[in-house]
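Undergrad:
Protein chains: 2
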Amino acid sequence: MAAWARAVRGLLLDVSGVLYDSGGEGGGVPIAGSVEAVRRIKAAGLKLQFCTNETQATREKFVKKLQGMGFDISMAEVTAPAPAACRILKERSLRPHLLVHNDLVPEFAEIDKTNPNCVVIGDAAENFTYANLNEAFRVLIGMEKPVLISLGRGRYYKETDGLKLDVGAYMKALEYACDVEAEVVGKPAKMFFESALAEMGVPPQQAIMIGDDIVSDVGGAQRCGMRALQVRTGKYRQEVNGSSSSSSSPNSRRQPRTLKDTEVMLRGSGAACERWKHLFFRAISWLLSCTAPLGDNRLKQARN
Amino acid sequence: MAAWARAVRGLLLDVSGVLYDSGGEGGGVPIAGSVEAVRRIKAAGLKLQFCTNETQATREKFVKKLQGMGFDISMAEVTAPAPAACRILKERSLRPHLLVHNDLVPEFAEIDKTNPNCVVIGDAAENFTYANLNEAFRVLIGMEKPVLISLGRGRYYKETDGLKLDVGAYMKALEYACDVEAEVVGKPAKMFFESALAEMGVPPQQAIMIGDDIVSDVGGAQRCGMRALQVRTGKYRQEVNGSSSSSSSPNSRRQPRTLKDTEVMLRGSGAACERWKHLFFRAISWLLSCTAPLGDNRLKQARN
Numbered sequence: 000m001a002a003w004a005r006a007v008r009g010l011l012l013d014v015s016g017v018l019y020d021s022g023g024e025g026g027g028v029p030i031a032g033s034v035e036a037v038r039r040i041k042a043a044g045l046k047l048q049f050c051t052n053e054t055q056a057t058r059e060k061f062v063k064k065l066q067g068m069g070f071d072i073s074m075a076e077v078t079a080p081a082p083a084a085c086r087i088l089k090e091r092s093l094r095p096h097l098l099v100h101n102d103l104v105p106e107f108a109e110i111d112k113t114n115p116n117c118v119v120i121g122d123a124a125e126n127f128t129y130a131n132l133n134e135a136f137r138v139l140i141g142m143e144k145p146v147l148i149s150l151g152r153g154r155y156y157k158e159t160d161g162l163k164l165d166v167g168a169y170m171k172a173l174e175y176a177c178d179v180e181a182e183v184v185g186k187p188a189k190m191f192f193e194s195a196l197a198e199m200g201v202p203p204q205q206a207i208m209i210g211d212d213i214v215s216d217v218g219g220a221q222r223c224g225m226r227a228l229q230v231r232t233g234k235y236r237q238e239v240n241g242s243s244s245s246s247s248s249p250n251s252r253r254q255p256r257t258l259k260d261t262e263v264m265l266r267g268s269g270a271a272c273e274r275w276k277h278l279f280f281r282a283i284s285w286l287l288s289c290t291a292p293l294g295d296n297r298l299k300q301a302r303n
Numbered sequence: 000m001a002a003w004a005r006a007v008r009g010l011l012l013d014v015s016g017v018l019y020d021s022g023g024e025g026g027g028v029p030i031a032g033s034v035e036a037v038r039r040i041k042a043a044g045l046k047l048q049f050c051t052n053e054t055q056a057t058r059e060k061f062v063k064k065l066q067g068m069g070f071d072i073s074m075a076e077v078t079a080p081a082p083a084a085c086r087i088l089k090e091r092s093l094r095p096h097l098l099v100h101n102d103l104v105p106e107f108a109e110i111d112k113t114n115p116n117c118v119v120i121g122d123a124a125e126n127f128t129y130a131n132l133n134e135a136f137r138v139l140i141g142m143e144k145p146v147l148i149s150l151g152r153g154r155y156y157k158e159t160d161g162l163k164l165d166v167g168a169y170m171k172a173l174e175y176a177c178d179v180e181a182e183v184v185g186k187p188a189k190m191f192f193e194s195a196l197a198e199m200g201v202p203p204q205q206a207i208m209i210g211d212d213i214v215s216d217v218g219g220a221q222r223c224g225m226r227a228l229q230v231r232t233g234k235y236r237q238e239v240n241g242s243s244s245s246s247s248s249p250n251s252r253r254q255p256r257t258l259k260d261t262e263v264m265l266r267g268s269g270a271a272c273e274r275w276k277h278l279f280f281r282a283i284s285w286l287l288s289c290t291a292p293l294g295d296n297r298l299k300q301a302r303n
């Protein structure tokens, strides 16, 4: 067993596409087995932080929605872009023009928004109207040095009724129109992962990130010095992730498909209670020996 | 007088921002002096082609609108992206999903649009809704090899009520989300300028492009072997175009600000009728000696 595996003390979990698929009237549906998997991970005594780029609601509403689905989750366990952005805005005396989801606006309640000197863009969904995007563009193009802060840079995500464009696509539109590079708050920014790790009090070498996004989750965590696993739920698309993940691959049966699979593999099925800890770390070691870190080429090829 | 100046036989004119500012109830307002300038250019016996990325209307409607403003313009004198795109679609048996302005749809009347195998995006304006952009994205992401055809790649343009995002911004959003590079039909594509020159029967060395866009008009024409002039109407923004264009520059008074100024300078004020042709070419020579071709650096710096 690798030395580092003995030392694993914390897990970072992506939320949308790992715990649940968002969208629909109830705000989404849990992915089979994920509620139980979170419960078991916590019962094993591991530190856990939910590391999400979700910006369609305040953390409070977001947590309540997940609790309503049965997840054992609290506000303090969630690392999200909006609070991180608020810290940056205060530090740099920036007054944002907001292009975000209506339900996220309360996160910025204490921020001065008069006479904007930057634009903050999040996953605004239905608020991504032609008029609203033009308004954000005019604020930016009117600045001597445009400042664009983006809450994530995701390309798309999966809702119950299909794939949807994420904030990254609209960020690119504004970047191009104003010839500016956005400052990204949220995954895959290194500072964002570091903030989640600090919340757990666990160094990167002792943590694993589990997500469905090959760039924002897996790539971002690896650049931060963590190990990472990609589940096959959410936005996972086989053709994007290369032949090594295909169902005909000898390795494919060893790779977790859902958070539930991951938790079961981590736990080690059939382990007696008294041997649980020992088998758990053996399972992690075995699992990660089959999951080589992703090379730069694969990351570049990945679309989402 | 430079040898090439003696040989100038044709002018390519951008339309929006040079002839008129679009937008508002009447569809736009002419820029002062531009109606008369077009009349005089034609009267001088020069070949003239209107080279536009306008995709908010069919050529027929577009020409009628401009005629209504008093411009001497006909269908055959307009080179626009939609007819060029239709030729490409037919040649390659492509069936488009259209994300364009409602008024442009008739241009594609003869194109098979069932079971789409590509997406054509134009300046859809109010049709750039979150739902419509998601729909175009889903069509693209569902293809094995996504084909995205963009009617221009402009960043923004000026309407009577201010600057508006152009098709290029939305093209970039889809490019990023689907990890695809769009095929651009329209300025600054070389083929587009060549098509306009062919329509006039004038080689690039004997033509001048006049526009307000430093990249699409000036850069595109120069890459095609033409000379180009940038007017200071439309989307022209002084801070984007460098200090050489500032009002304090010794050269600034020599540079044309509007199409009218350009035409007056080309014509040579006070020239007697019998000396008109001679003075006209002297004016072109003098004007262009003050307007060095733009280097790559300036093009890169330019935002629009």
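For the protein sequence lines, the chains are B and P, in the order given.
Under numbering that gives the first Met the number 0, the letters of the first sequence match residues 0 to 303, in that order.
Under numbering that gives the first Met the number 0, the letters of the second sequence match residues 0 to 303, in that order.
Backbone N, C-alpha and C fix where the C-beta goes; we use that ideal spot for every residue, glycine too.
All values derive from a computational prediction rather than experimental measurement.
Count the other CB atoms within 10 Å of the CB of Val28 (chain P); is the residue buried (16 or more) or exposed (fewer)?
TA: So Val28 (chain P) counts as exposed.
Undergrad: Can you pull the DSSP bridge partners for Phe49 (chain B)?
TA: Its beta-bridge partners are B:Leu12, B:Val77.
Undergrad: Any contact between the segment 135-152 of chain P and the segment 105-114 of chain P? By contact I mean 3 or more CB pairs, one from each, below 8 angstroms.
TA: Cβ pair count under 8 angstroms is below three, so no.
Undergrad: Kindly indicate which residue of P:Leu150, P:Gly153, P:Ala168 has the alpha-carbon position closest to the one of Tyr129 (chain B).
TA: Nearest C-alpha to Tyr129 (chain B): P:Ala168.
Undergrad: Is it the case that the Cβ atoms of Lys171 (chain P) and Lys163 (chain P) are separated by a distance below 9 angstroms?
TA: The answer is no: Cβ separation not under 9 angstroms.
Undergrad: Do Leu306 (chain B) and Met225 (chain B) have their C-beta atoms closer together than 9 angstroms?
TA: The shown model of chain B, from 0 to 303, leaves out residue 306 (chain B), and the question about it has no answer.
Undergrad: Going by DSSP, what residues sit across from Arg226 (chain P) in a beta bridge?
TA: Arg226 (chain P) is bridged to P:Ile207.
Undergrad: Relative to the C-alpha of Lys60 (chain B), which residue among B:Pro105, B:Val37, B:Leu98 is closest?
TA: Looking at the Cα atoms, B:Pro105 is the closest of the given residues.
Undergrad: Once you ignore the five residues that flank Asn131 (chain B) on each side, which residues in its own chain have a CB closer than 8 angstroms to its CB?
TA: Same-chain partners within the cutoff: Leu98, Ala123.
Undergrad: Under a Cβ-count criterion, where at least 16 other Cβ atoms within 10 Å of its own Cβ denotes burial, should Met208 (chain P) be classed as buried or exposed?
TA: Buried is the call here.
Undergrad: Just checking: is the beta-carbon of Asn101 (chain B) within a distance shorter than 9 angstroms of some beta-carbon in chain P?
TA: It does not; no Cβ of chain P falls within 9 angstroms.
Undergrad: Cα separation between Glu198 (chain P) and Ser21 (chain P)?
TA: C-alpha separation (whole angstroms): 25 angstroms.
Undergrad: What whole-angstrom Cβ distance do Ala83 (chain P) and Phe191 (chain P) have, given they're in contact under 8 angstroms?
TA: Rounded, the Cβ-Cβ distance is 6 angstroms, consistent with contact.
Undergrad: How is the alpha helix (DSSP H) around Gly167 (chain P) delimited, first residue to last?
TA: Unbroken alpha helix (DSSP H) run through Gly167 (chain P): 166-177.
Undergrad: Whose Cβ in chain B lies nearer than 7 angstroms to the Cβ of Tyr175 (chain P)?
TA: Arg154, Gly167, Ala168, Lys171, listed in chain order.
Undergrad: Between the Cα of Val77 (chain B) and the Cα atoms of B:Thr54, B:Thr232, B:Gly26, B:Thr159, which residue gives the shortest distance?
TA: Nearest C-alpha to Val77 (chain B): B:Thr54.
Undergrad: Of all the residues that make up the segment 126-148 of chain B, which are near chain P by a beta-carbon distance shorter than 7 angstroms?
TA: Cβ contacts with chain P come from Phe127, Thr128, Tyr129, Leu132, Asn133, Phe136, Arg137, Ile140.
Undergrad: Taking the alpha carbon of Ile30 (chain P) as the reference point, which residue from P:Val17, P:Glu24, P:Val214 has its own alpha carbon closest?
TA: Closest by alpha carbon: P:Val17.
Undergrad: Pull up the distance between the alpha-carbon of Cys85 (chain B) and that of Phe107 (chain B), whole angstroms please.
TA: One C-alpha to the other measures close to 7 angstroms.
Undergrad: Between B:Gly23, B:Pro145, B:Ala206, B:Gly233, which has its C-alpha nearest Ile213 (chain B)'s C-alpha?
TA: When each option's Cα is compared against that of Ile213 (chain B), the closest is B:Gly233.
Undergrad: Using a Cβ distance threshold of 8 angstroms, determine whether the segment 177-187 of chain B contacts the segment 172-180 of chain P, with at least three qualifying pairs required.
TA: Output reads no: the segment 172-180 of chain P does not touch the segment 177-187 of chain B.
Undergrad: Let me check you understand the geometry: is the CB of Asn133 (chain P) closer than 8 angstroms to at least one non-hydrogen atom of the ligand SAM?
TA: For the structure depicted, the ligand SAM is absent and the ligand set is empty, with no information on it obtainable.
Undergrad: Identify the contact partners of Lys163 (chain B) in chain P, using a Cβ-Cβ distance below 7 angstroms as the criterion.
TA: Near Lys163 (chain B) (Cβ distances below 7 angstroms), the residues of chain P are Asn133.
Undergrad: Just curious, the alpha helix (DSSP H) that Ser33 (chain P) is in, first and last residue?
TA: Here the alpha helix (DSSP H) through Ser33 (chain P) covers 33-42.
Undergrad: Taking the alpha helix (DSSP H) that Glu193 (chain B) falls in, what are its first and last residues?
TA: Segment 189-199, the alpha helix (DSSP H) holding Glu193 (chain B).
Undergrad: Am I right that Gln48 (chain P) and Gly23 (chain P) are in contact with their C-beta atoms under 8 angstroms? What's the rounded C-beta distance?
TA: The Cβ separation is near 26 angstroms, so there is no contact.
Undergrad: Which residues, in order along the segment 177-196 of chain B, keep a beta-carbon less than 8 angstroms from a beta-carbon of chain P?
TA: Those would be Cys177, Asp178, in chain order.
Undergrad: When the Cα atoms are used, what is the spatial distance from Gly219 (chain P) to Pro80 (chain P)?
TA: Rounded to the nearest angstrom, the two C-alpha atoms are 14 angstroms apart.
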